[in-house]
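The structure appears below as structure tokens.
If you want it as structure tokens, here you go:
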């Protein structure tokens with residue numbers, strides 16, 4: 386039976402519990418609400434919560450733990466000899482899982498009975514053909530050891546699933562029993578329920594911490610695997626990026642980092658002046674009508690998904706730059722280039738810079754403006770010599786936030802920047818040519834992790850090291866920017 | 088000021104005396120600087136607005152073609168001796184006839200139509216190439232669904248091949264057809280003649296929104312059906328998870344959390360998560376949900392979970408802002424008449440904050456709908472032609488997503504896919520526009536100023 390049935394059954398027990406708990410409390414008070422400690426519904430909620438929370442908690446934990454446990458047990462069953470040359474244990478395990486799944490399908494669709502499957506021997510049955518019938522394609526016929534492991538895997542997961550049903554239902558019924566028994570007119574149901582809800586709220590709030598922890602741990606773990614397969618010196622200090630899925634590849638981050646920083650620089654050169662001047666104009670000069678019209682228009686730019694910008698770079702800006710600038714100037718033939726990605730990313734960043742700067746400029750106290758006007762300064766002099774210096778820390782924070790966006794941006798560079806890594810040995814001219822295609826950290830994360838991936842080769846694992854580096858860089862920029870902005874805000878509060 | 092201290096000395100130079108009616112050089116300079124500065128601002132705003140307009144026109148110009156499609160209407164004789172040799176109308180028997188068995192019927196129908204309209208073009212061969220290769224499969228599905236039509240002559244509306252479609256959209260010309268292995272100028276002439284005869288027409292193509300993706304060489308039948316369904320499923324997951332979790336977290340942080348280290352840690356975490364690059368969430372999804380928890384690749388449930396984690400900060404920030412906007416007098420009044428803290432929040436504060444929370448949620452959902460990068464890493468790029476089944480099983484079936492479908496199409500060689508990709512973007516933008524409009528209406532309609 387599918388899992389959601391279990392879920393529904395638990396919910397059903399809980400709702401029955403609600404009504405039973407409620408009526409039991411009322412009965413214990415002789416049917417009058419005055420005799421109760423809490424409102425009757427709280428007695429019901431108490432029973433329902435005691436049923437749902439532990440049972441569903443157990444369900445989630447079980448679902449997470451069971452595959453780990455079974456994998457562990459089954460892995461120990463696979464003999465060394467079954468791991469072929471050039472393969473590894475995790476590949477064999479994925480074969481085992483596929484065979485086990487296939488056997489499940491065979492039973493489910495009624496092609497074989499449960500007993501036949503358990504008695505199946507690869508010496509007598511062509512397992513591959515039988516599995517092929519139900520759409521599970523295997524590379525070669527199944528070895529006896531693998532089939533054994535798969536059958537073990539099946540038995541264990543079936544037993545595990547059955548045990549889980551029993552355990553979850555027992556916990557749910559147990560919770561029901563306990564909470565039903567304690568339901569009495571003097572039971573402080575409201576306090577209990579409110580404490581329970583508070584725990585749930587705290588749990589929800591801590592998901593943020595869990596997410597960060599998940600990000601850091603998952604990347605640290607895989608990065609460690611990467612560094613055990615590939616020297617870290619080459620990753621951080623090497624100068625060549627040329628992955629080769631046959632092994633022995635150069636995986637250095639510097640060429641990618643160069644592309645990332647260069648494109649971000651171009652983007653900021655577009656976004657910062659435009660965004661800053663737009664913010665100044667909107668907050669200092671624009672009439673109410675212009676402001677109410679221009680501000681939302683600029684903010685639309687922030688709401689457009691990055692894939693749209695990517696496509697814009699790919700089909701419009703890229704060919705345009707190539708035809709009107711790169712080719713006539715003899716600077717390059719490629720439509721994907723640093724300039725293409727940088728320009729489009731700059732457009733994307735305009736609203737980030739402008740709306741943050743707008744807030745910050747508006748936070749500069751009016752008294753400072755008035756003082757400057759009083760001394761005879763014109764409006765632009767006031768802005769240049771009083772407001773912008775006063776707002777500078779905040780503006781720097783805004784630019785840093787925009788820089789962190791630019792460094793972590795993916796779709797625009799995937800579609801607009803090209804796939805070839807910068808080559809340091811080709812000389813400076815090619816390195817700083819903005820019409821040259823250049824790749825970035827994020828592009829390589831995407832290209833190393835999509836398609837056929839093998840999580841034991843350094844060529845795949847390098848993506849996690851790249852991701853961790855990216856995470857650390859953007860985290861530092863964000864923390865710095867938030868710190869600057871916060872200190873700035875405090876200054877005028 | 089200098090004039091005053093200089094005193095009578097300045098009397099010798101009356102010509103330099105300044106007047107409020109004629110500006111001196113320095114004032115002119117300052118005024119010019121003022122005007123220039125203002126102009127920079129205007130230029131900056133025009134650059135931003137023009138960029139937006141350019142982006143929109145470019146996408147609309149490239150993509151509007153995707154909603155139009157060239158169709159060819161033919162009468163096909165569904166010969167019994169070809170489609171159902173046994174004559175029993177037994178579906179299992181009829182299913183043995185592959186699409187190759189249907190192709191000759193279309194070719195005959197095409198020849199018949201050409202002959203009937205009296206079209207003669209020298210050097211024309213393979214007139215059936217005007218019709219999409221998908222046509223045979225469509226016809227086969229129709230016949231297998233309605234076995235009783237075998238033996239009759241039925242009128243079918245076939246999709247024209249991508250090159251013919253491109254011819255009427257300006258992508259393919261006589262000159263390019265000379266060099267093209269897939270189409271010849273004679274076939275284009277035939278298309279023109281058929282159009283004149285009313286057999287071939289270009290019209291609005293609703294199927295673009297319904298059909299699933301199609302293979303590399305059949306851009307004409309590629310559609311967004313699976314992608315829209317996949318995106319819808321993911322949005323359902325995000326809504327079901329992110330809204331309750333986000334609201335619960337915000338209530339805790341805003342109303343109950345004590346001021347201590349842990350609360351600070353949570354707050355710093357949330358503001359950082361809001362700025363973590365989206366691709367990092369993709370890596371998280373791949374490592375935790377797929378490799379560790381063993382959830383299937385390309386499934387909407389995984390995409391939904393990843394997007395939930397990404398959307399949470401947005402929803403939390405919006406919810407906290409609207410909880411904060413509820414004046415303390417409401418809380419105090421509720422506490423004053425004997426409500427507990429929890430009752431105050433759930434009975435009074437939360438309902439008043441609801442419009443703001445919903446607005447924030449819709450904006451968060453809109454962000455999630457357009458997110459691409461993390462979905463690439465969890466395998467949503469896979470080529471999926473099967474519609475996912477209904478929920479809840481459908482959440483675990485492979486599916487695509489709107490923005491990922493766009494990316495997918497940009498990676499294909501045939502330029503017809505660029506048009507499809509831009510068309511998909513238009514669909515995506517229309518959805519986003521609808522969601523944001525809903526958010527604005529909600530805010531206008533229900534937001535209270537205290």
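Chains as they are written, first to last, in my numbering: chain D, 386 to 878; chain V, 88 to 537. By construction, the Cβ of each residue, glycine as well, lies at the ideal position given by its N, Cα and C atoms.
Strictly under 8 Å for the Cβ-Cβ distance: is residue i near chain V by that measure?
i: residue 724(D); result: no
i: residue 463(D); result: no
i: residue 403(D); result: no
i: residue 575(D); result: yes
i: residue 844(D); result: no
i: residue 880(D); result: Chain D is shown from 386 up to 878; residue 880(D) falls before or after that span and cannot be answered.
i: residue 612(D); result: no
i: residue 441(D); result: no
i: residue 818(D); result: no
i: residue 869(D); result: no
i: residue 863(D); result: yes
Consider the Cβ of residue i: report whether some Cβ of chain D lies at a distance smaller than 8 Å.
i: residue 343(V); result: yes
i: residue 338(V); result: yes
i: residue 365(V); result: yes
i: residue 155(V); result: no
i: residue 261(V); result: no
i: residue 357(V); result: yes
i: residue 426(V); result: no
i: residue 97(V); result: In this predicted model, residue 97(V) has a pLDDT of only 46, less than 50, meaning its place in the structure is not dependable; the value taken from the coordinates is given anyway. For residue 97(V), the answer is no, since every Cβ of chain D falls outside 8 Å of its Cβ.
i: residue 468(V); result: yes
i: residue 497(V); result: yes
Are residue i and residue j closer than 8 Å when you measure CB to CB?
i: residue 869(D); j: residue 793(D); result: no
i: residue 549(V); j: residue 270(V); result: Shown here, chain V extends from 88 to 537; a query on residue 549(V) therefore has no answer.
i: residue 515(V); j: residue 690(D); result: yes
i: residue 652(D); j: residue 730(D); result: yes
i: residue 399(V); j: residue 592(D); result: yes
i: residue 286(V); j: residue 204(V); result: yes
i: residue 636(D); j: residue 643(D); result: no
i: residue 395(D); j: residue 641(D); result: no
i: residue 81(V); j: residue 457(D); result: Any property of residue 81(V) remains undetermined from this structure, which presents chain V solely from 88 to 537.
i: residue 859(D); j: residue 362(V); result: yes
i: residue 727(D); j: residue 655(D); result: yes
i: residue 431(V); j: residue 440(V); result: no
Looking at C-alpha atoms only, which residue of the options is the closest neighbour of residue i?
i: residue 867(D); options: 857(D), 796(D), 778(D); result: 778(D)
i: residue 692(D); options: 420(V), 146(V), 118(V); result: 146(V)
i: residue 609(D); options: 850(D), 684(D), 854(D), 439(D); result: 850(D)
i: residue 435(V); options: 449(V), 415(V), 446(V); result: 415(V)
i: residue 427(V); options: 405(D), 427(D), 407(D), 397(D); result: 427(D)
i: residue 155(V); options: 358(V), 412(V), 296(V), 240(V); result: 296(V)
i: residue 151(V); options: 373(V), 524(V), 422(V), 512(V); result: 512(V)
i: residue 369(V); options: 599(D), 542(D), 788(D); result: 599(D)
Three-state secondary structure (DSSP) at residue i?
i: residue 166(V); result: coil
i: residue 155(V); result: strand
i: residue 246(V); result: strand
i: residue 433(V); result: helix
i: residue 517(V); result: helix
i: residue 358(D); result: In the structure as shown, chain D begins at 386 and stops at 878. Residue 358(D) is therefore absent and cannot be evaluated.
i: residue 288(V); result: strand
i: residue 636(D); result: strand
i: residue 459(V); result: coil
i: residue 371(V); result: helix
i: residue 161(V); result: strand
i: residue 448(V); result: helix
i: residue 402(V); result: helix
- Query: Are there three or more Cβ pairs, one per stretch, closer than 8 Å when the region 483 to 490 of chain V is compared with the region 382 to 394 of chain V?
  - Reply: With the cut-off at 8 Å, the region 483 to 490 of chain V and the region 382 to 394 of chain V touch.
- Query: Using 8 Å as the threshold, is the region 750 to 770 of chain D in touch with the region 697 to 713 of chain D, meaning 3 or more CB pairs across them?
  - Reply: no
- Are there three or more Cβ pairs, one per stretch, closer than 8 Å when the region 693 to 707 of chain D is compared with the region 797 to 810 of chain D? yes
- Take every Cβ of the region 809 to 821 of chain D, pair it with every Cβ of the region 830 to 845 of chain D, and state whether three or more of those distances are shorter than 8 Å. Taking a cut-off of 8 Å for Cβ pairs, the region 809 to 821 of chain D and the region 830 to 845 of chain D do not touch, as fewer than three such pairs fall below it.
- Item | Cβ contact check for the region 226 to 236 of chain V and the region 176 to 190 of chain V: 3 or more pairs under 8 Å | Yes, they touch.
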